[in-house]
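Below: the structure, in structure tokens.
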Amino acid sequence: MSDEEARDEPAPLAGLPTIGAVVRELLEAVSTRSRRGVGRARSQGRVVMERRQFERDRNAMLAKLGRESIALLNGGEVDHPGLRRGAARIAELDAQIAALEDPGAGADPEGDG
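Take 19 as the starting number for the sequence shown in my numbering and just add one per residue.
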């Protein structure tokens, strides 16, 4: 190599990393952070799915308890004013749903005609 070529190439500065080393370090940091983020998202997603399942199970049990309570009320095995009001409201809602499904079967709920 001639003296002129040696002058054109910058001399490596002692103690400073090369561009390749900096890029490699940056990519490793991004990769590590991404893996942590994916792991955290996976964990949070699992918790959200479990919570939704627990809520569905809870709602199903509440509905079953309600049906059993109405059956006990209708069978005369229990009697409580609050349960009677709730059962009456459910019966009203059932009638309104039935009227919507078969408009010709029920009377006009507004009483207009």
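Virtual Cβ for every residue (Gly too), placed ideally from N, Cα, C.
Item: May I have the straight-line CA-CA distance separating L111 from L83, to the nearest angstrom?; Value: 18 Å
Item: How about R107 and L91: do their beta carbons lie closer than 9 Å?; Value: no
Item: Between V161 and R54, what straight-line distance do the alpha-carbon atoms span, to the nearest angstrom?; Value: Nothing can be reported for residue 161, as the shown portion of the chain is limited to 19 through 131.
Item: So, helix, strand or coil for P35, using DSSP?; Value: coil
Item: Confirm, please, whether the CB-CB distance from I88 to A105 is below 9 Å.; Value: yes
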